[in-house]
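**Student:**
There are 2 protein chains.
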Amino acid sequence: MAQTQDTNRKIILAERPKGAPNENTLKLETEAVPRPGKGEMLLRTVYLSLDPYMRGRMSDAKSYATPVEIGGVMTGQVVAEVMESDVAGFSKGDYVLSPSGWQDFFVSDGTQVLNLGPEPENPSWALGILGMPGYTAYAGLLKIGEPKPGETVVVAAASGPVGATVGQIAKIKGCRVVGVAGGAEKCAHVIETLGFDACIDHRAEDFAEQLAAACPNGIDVYFENVGGKVLYGVLPLLNPFARMPVCGMVAWYNLQGLPEGPDHGPQILSTILRMKVKVQGFIIFDSFPIELYQEFSEAMTGWLKEGKVQYKEQVVEGLEAAPQALYDLLEGRNFGKMVVKVG
Amino acid sequence: MAQTQDTNRKIILAERPKGAPNENTLKLETEAVPRPGKGEMLLRTVYLSLDPYMRGRMSDAKSYATPVEIGGVMTGQVVAEVMESDVAGFSKGDYVLSPSGWQDFFVSDGTQVLNLGPEPENPSWALGILGMPGYTAYAGLLKIGEPKPGETVVVAAASGPVGATVGQIAKIKGCRVVGVAGGAEKCAHVIETLGFDACIDHRAEDFAEQLAAACPNGIDVYFENVGGKVLYGVLPLLNPFARMPVCGMVAWYNLQGLPEGPDHGPQILSTILRMKVKVQGFIIFDSFPIELYQEFSEAMTGWLKEGKVQYKEQVVEGLEAAPQALYDLLEGRNFGKMVVKVG
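Order-wise, the sequence lines are chains Y and H. The first sequence begins at 1 in our numbering and counts up by one. The second sequence begins at 1 in our numbering and counts up by one.
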């Protein structure tokens, strides 16, 4: 069932997952296309972004963001086309970045909508390298990680949109960069295309030993976006005054309660103490002033033009494929930034 | 066996403890009093400081400081009297702060020795409120914790020299201050003498519930010096953008390897992420510029004169009592800053 002009397909949260989400978690529903009123515009979704944080929105645990309500449309950023507009600064035919959620159409008064102009070169990039994931990498690495030339930076999910960008910026800053990714194909991409110095397969039996061998001078910055065994492999390698920006922990998103032991709490705290480590969580649009976004946007546009940053997308066709694509993403079965071509 | 002029008693590390130190860990030995040479001075120990970090020096795990060698004198700060001196700036009769270790006499060339003058008012305070513990509290709270008026600050070991100082400075800065201590007597002292708003007994069955009730607006700064159940009680109460300076984890110093589960690692990281927490370990003389010590020293001297900061010492008599006193300290069986009157 493809996108049409007279039906709004939407994907709603049918029930909160216990553990990993499954076929009962998200459901496709349809309704009439909503009508914009005075001071509003109608947006048609072209690309939907899929991101690990969406797993968090399915839960009602205390968090930084309001969870999606049962029966509510799943939240998400999209690139959309303006179909008709009574909002100043937005015209029919403009492309926009909008928090429309997982649906074909959205009526907006312009709040939190960014105009990308009538013919953006790579419209979907606003969901990735030039949007939230790229900005997350830039701000977390440079403002919390503060990498210095010659230091060793480790980043997991290294072929994903955040990790790939972290590593490439760290290379631009003169660091030794070691990625962690799932499988030989991703690791080869990380080294050959993205230019990391090394990439370790986290599925390897001797992952911790391989990581140690790839970091002969220890680790100065660990960009934390996965948690789990990668974190536990990193801890013994951290250098004095290491920095650890924390923007995700995808390996642990499906946990219900505390997992079985042993308890790594003492190891984490003792490393922080003995090595004088700074660990800092951040949520990109909460933690940094908006001026930084402009700085990021200019720097990244320049690096892309100069070919200093490479960007890989995985495009999934059709809104109905989005739920399974998200589940794949949460299990690491994606390769590059995942976007859904909705219409 | 008291201090004499012709014998140097010293306490050496006889073996590295596995778990809690015991009667085989430290041993008393004697030798002739060492003779100072050209450019050296002879120091006679008056007070020896006992501090939780000493447990770390008994281990040879990777750490920020060199461990004590087997057979070597236990490290420690002392207040000493200069007996004879060929070092510029130090005269017979001066009191000094010196890294002499656990012994009666020490020959020094002046390295890392601070002159306190011939008649300091409270010589032992240089080991506590006006020394390393006080400075640790000051720098960790103000430079990493950054408390703002009206915020809630929680500190454990609240009747100890670091915790008591953290809480009193936080009160001066206009915060709500909640202490954690072991037993009713210490809690009463923390509230009545030190002026904390509340103090929770960590031995209580319902410790976590009591802590939550004492922090109705959540926790903005947790000054971490114990680890263990206090940390795990604090985590669910942390507010967005909370700060956690980490200067110790005495509850975990005797651990061998990782303790049994459940694994609190995901809880720690998830809290850091969701609440955008900054956790930063520090070692006082490594982590801050020496100029800050001067600032601390002036501020604290003023607060003591104005009666805004109270200070409690527990004085143990005799060098031979020092090992058991340290073991008591590590188990929380002290009350106030522990010093040994050696001579």
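Note that the Cβ used here is the ideal one computed from N, Cα and C, for glycine as well.
Over what stretch of residues does the beta strand (DSSP E) that includes L42/Y continue unbroken?
**Tutor:** Stepping through the first sequence from its first residue, residue 42/Y is reached at position 42. Note, L42/Y: beta strand (DSSP E), M41 to S49.
**Student:** For G282/H, decide whether its Cβ has a neighbour in chain Y, counting only Cβ atoms nearer than 7 angstroms.
**Tutor:** Numbered from 1 along the second sequence, position 282 holds the residue referred to as residue 282/H. Checking the displayed sequence, the identity of residue 282/H turns out to be Phe instead of Gly. Yes - at least one Cβ of chain Y is within 7 angstroms of the one on F282/H.
**Student:** Go ahead and pull the three-state DSSP assignment for S108/Y.
**Tutor:** Along the first sequence, one-based indexing puts residue 108/Y at 108. Here S108/Y sits in strand by DSSP.
**Student:** Considering only residues of the same chain and omitting the five flanking positions on each side of Q353/H, which have a CB-CB separation below 8 angstroms?
**Tutor:** Only positions 1 to 343 of chain H appear in the structure, and residue 353/H is not among them; the question remains open.
**Student:** Could you tell me which uninterrupted beta strand (DSSP E) segments, each at least 3 residues in length, are contained entirely in the stretch 166-217 of chain Y, listed from first to last along the chain?
**Tutor:** Listed in chain order, the complete beta strand (DSSP E) runs (minimum 3 residues) inside the stretch 166-217 of chain Y are 176-181 and 198-201.
**Student:** Where does the unbroken beta strand (DSSP E) through K278/H begin, and where does it stop?
**Tutor:** Within the second sequence, residue 278/H is the residue found at index 278, counting from 1. Per DSSP, K278/H belongs to the beta strand (DSSP E) from K278 to G281.
**Student:** Among G72/H, M83/H and E320/H, whose alpha-carbon lies nearest the alpha-carbon of L42/H?
**Tutor:** Residue 42/H sits at position 42 when you count from the first residue of the second sequence. For the residues G72/H, M83/H and E320/H, the minimum Cα distance to L42/H belongs to M83/H.
**Student:** Buried or exposed for M58/Y, please, with buried defined as at least 16 other CB atoms from any protein chain shown within 10 angstroms of its CB.
**Tutor:** Position 58 of the first sequence, counting from 1, holds the residue named residue 58/Y. Buried, by the Cβ-count rule.
**Student:** Which ranges does the alpha helix (DSSP H) cover as unbroken runs of at least 4 residues, wholly within the stretch 228-277 of chain Y, from first to last along the chain?
**Tutor:** For the stretch 228-277 of chain Y, whole alpha helix (DSSP H) runs of length 4 or above, ordered along the chain, are 228-234 and 265-274.
**Student:** Could you confirm whether any beta carbon from chain H is found closer than 7 angstroms to the beta carbon of E260/Y?
**Tutor:** Here residue 260/Y refers to the residue found at position 260 of the first sequence. Output row for E260/Y: interface = yes.
**Student:** Is S287/Y close to chain H, meaning its C-beta is less than 7 angstroms from at least one C-beta of that chain?
**Tutor:** Within the first sequence, residue 287/Y is the residue found at index 287, counting from 1. Chain H contact via Cβ: present.
**Student:** Helix, strand or coil: how does DSSP classify M83/Y here?
**Tutor:** Within the first sequence, the letter at position 83 stands for residue 83/Y. Note: M83/Y maps to strand in three-state DSSP.
**Student:** Using a threshold of 7 angstroms, state whether the C-beta atoms of Q103/H and N24/H are closer than that.
**Tutor:** Residue 103/H sits at position 103 when you count from the first residue of the second sequence. Residue 24/H sits at position 24 when you count from the first residue of the second sequence. Against a cut-off of 7 angstroms, the Cβ pair of N24/H and Q103/H comes out as no contact.
**Student:** Using CA coordinates, which residue listed in N334/Y, V342/Y and G343/Y is at the minimum distance from D51/Y?
**Tutor:** Your numbering for residue 51/Y matches position 51 in the first sequence. Of N334/Y, V342/Y and G343/Y, the residue nearest in Cα terms is N334/Y.
**Student:** When the Cα atoms are used, what is the spatial distance from W303/H to M132/Y?
**Tutor:** The residue given as residue 303/H occupies position 303 in the second sequence. The residue given as residue 132/Y occupies position 132 in the first sequence. Going from the Cα of W303/H to the Cα of M132/Y covers about 48 angstroms.
**Student:** Output needed in chain order: residues of the stretch 261-272 of chain H with a Cβ under 9 angstroms from some Cβ in chain Y.
**Tutor:** Result list: G261, P262, D263, H264, G265, P266, Q267, I268, L269, S270, T271 and I272.
**Student:** Within 7 angstroms of any Cβ in chain Y, is that where the Cβ of L255/H sits?
**Tutor:** Stepping through the second sequence from its first residue, residue 255/H is reached at position 255. It does: the Cβ of L255/H has a partner Cβ on chain Y nearer than 7 angstroms.
**Student:** Below 9 angstroms on C-beta distance, what does L417/H contact in chain Y?
**Tutor:** The structure shown does not extend to residue 417/H, since chain H is modelled only from 1 through 343, so no value can be given for it.
**Student:** At 3 residues or longer, and completely inside the stretch 6-35 of chain Y: list those beta strand (DSSP E) runs for me, N to C.
**Tutor:** You should have 7-13 and 26-32.
**Student:** Would you call the CB atoms of A137/H and V162/H closer than 7 angstroms?
**Tutor:** As a position in the second sequence, residue 137/H is number 137, starting the count at 1. As a position in the second sequence, residue 162/H is number 162, starting the count at 1. Yes, the Cβ-Cβ distance between A137/H and V162/H is below 7 angstroms.
**Student:** Along the chain, which unbroken stretches of the alpha helix (DSSP H) at least 4 residues long are found entirely within the stretch 87-162 of chain Y?
**Tutor:** Counting only runs of 4 or more, we get 132-139.
**Student:** Mind listing the chain Y neighbours of G227/H? Cutoff is C-beta to C-beta under 7 angstroms, in chain order.
**Tutor:** The residue you call residue 227/H lines up with position 227 of the second sequence. P266 and L269, listed in chain order.
**Student:** For F223/Y, does the three-state DSSP call read helix, strand or coil?
**Tutor:** Looking up residue 223/Y in the first sequence gives position 223. Three-state DSSP puts F223/Y in a strand.
**Student:** Kindly indicate which residue of G140/H, V113/H, Q77/H and L127/H has the alpha-carbon position closest to the one of D94/H.
**Tutor:** Residue mapping note: residue 94/H aligns to position 94 of the second sequence, counting from 1. Nearest option by C-alpha distance: V113/H.
**Student:** Name, please, each residue of chain H whose Cβ falls closer than 8 angstroms to the Cβ of G248/Y.
**Tutor:** As a position in the first sequence, residue 248/Y is number 248, starting the count at 1. Result: L273.
**Student:** Taking DSSP's pairing of strands, which residues face K358/H in a bridge?
**Tutor:** Any property of residue 358/H remains undetermined from this structure, which presents chain H solely from 1 to 343.
**Student:** Please decide whether W125/H counts as near chain Y, where near means a Cβ-Cβ distance under 7 angstroms.
**Tutor:** Taking the second sequence and counting its residues from 1, one reaches residue 125/H at position 125. W125/H does not count as touching chain Y.
**Student:** At a CB-CB cut-off below 8 angstroms, which residues of chain Y make contact with W252/H?
**Tutor:** Here residue 252/H refers to the residue found at position 252 when the second sequence is read from its first residue. What W252/H touches in chain Y: P266, L269 and S270.
**Student:** Using 10 angstroms around the beta-carbon of M1/H, count the other beta-carbons present and answer buried if the total reaches 16, otherwise exposed.
**Tutor:** One-based indexing of the second sequence puts residue 1/H at position 1. Looking at its Cβ environment, which holds fewer than 16 other Cβ atoms inside 10 Å, M1/H is exposed.
**Student:** Need the endpoints of the alpha helix (DSSP H) that K305/Y sits in, please.
**Tutor:** Along the first sequence, read from residue 1 onward, the residue named residue 305/Y stands at position 305. I290 to K305 is the span of the alpha helix (DSSP H), which, as asked, contains K305/Y.
**Student:** Inspect the beta-carbon positions of V339/H and S124/H and report whether they are closer than 7 angstroms.
**Tutor:** Here residue 339/H refers to the residue found at position 339 when the second sequence is read from its first residue. Here residue 124/H refers to the residue found at position 124 when the second sequence is read from its first residue. Their beta carbons are under 7 angstroms apart, which means V339/H touches S124/H by this criterion.
**Student:** Kindly indicate the opening and closing residues of the beta strand (DSSP E) around M338/Y.
**Tutor:** Translated into the one-based positions of the first sequence, residue 338/Y becomes position 338. Note, M338/Y: beta strand (DSSP E), K337 to K341.
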